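Residue numbers (the numbering used here): 1279 to 1420.
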């Protein structure tokens, strides 16, 4: 990711990235830019059902969240209940989920990537930081 303004967390850099060792600079950039920061901890998440429940809770989805892949995609492209100039999702313990259900992990990455592209087209920052380099995906560090 290259800085395209004084804050590197902007719409032009929307995407899915491999999380750096230290998140302090990115957390500060998010705070400086007024971006919403979400932590999505996948420790002990070993099923799609559990993943969707954790997403609903940690990403503060509305009670109407349908807890399926389509609903996840819809919510990630909405966030109307969380007004901010952009969003950062920090995904931790991703390797646990990837080992347990690799196909679901791949689908999650695809949904996150699609959401990032959606927001980028609309001029809003949407960055996902993942602490695990998945097979078949080439994630770069921000």
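Backbone N, C-alpha and C fix where the C-beta goes; we use that ideal spot for every residue, glycine too. Treat the numbers as computed from the prediction; the structure is a model and nothing was measured.
Cutting at 8 Å between CB atoms, please list the residues of its own chain near residue i, excluding the five before and the five after it.
i: residue 1320; result: 1329, 1332, 1369, 1370, 1371, 1372, 1374 and 1375
i: residue 1336; result: 1316, 1317, 1318 and 1319
i: residue 1305; result: 1315
For residue i, report the span of its alpha helix (DSSP H) as first-last.
i: residue 1383; result: 1380-1399
When the Cα of residue i is compared with those of the options, which residue comes out closest?
i: residue 1415; options: 1404, 1384, 1317 and 1356; result: 1384
i: residue 1377; options: 1306, 1353, 1411 and 1407; result: 1411
i: residue 1324; options: 1364, 1387, 1379 and 1417; result: 1379
i: residue 1310; options: 1298, 1285, 1322 and 1290; result: 1285
Output needed for residue i: all residues of its chain with C-beta closer than 6 Å, excluding positions within five of it in sequence on either side, in chain order.
i: residue 1366; result: 1308, 1313, 1315 and 1405
i: residue 1349; result: 1343
i: residue 1289; result: 1398, 1401, 1402 and 1403
i: residue 1340; result: 1359
i: residue 1347; result: none
i: residue 1354; result: 1393
Could you pull out every residue in the same chain whose Cβ sits closer than 7 Å to the Cβ of residue i, ignoring the five residues on either side in sequence?
i: residue 1281; result: Low confidence applies here, because residue 1281 scores a pLDDT of 38, under 50, leaving its location unreliable; read the following figure in that light. Cβ within range, chain order: n/a, list empty.
i: residue 1362; result: 1312, 1313 and 1314
Along the beta strand (DSSP E) that carries residue i, what are the first and last residues, could you check?
i: residue 1364; result: 1364-1370
For this session: Could you pull out every unbroken beta strand (DSSP E) segment of at least 3 residues lying fully inside the region 1286-1350, listed in chain order?
Result: 1293-1296 and 1314-1319
Problem set entry | the region 1390-1399 / the region 1291-1304 touching (three or more Cβ pairs under 8 Å) | yes
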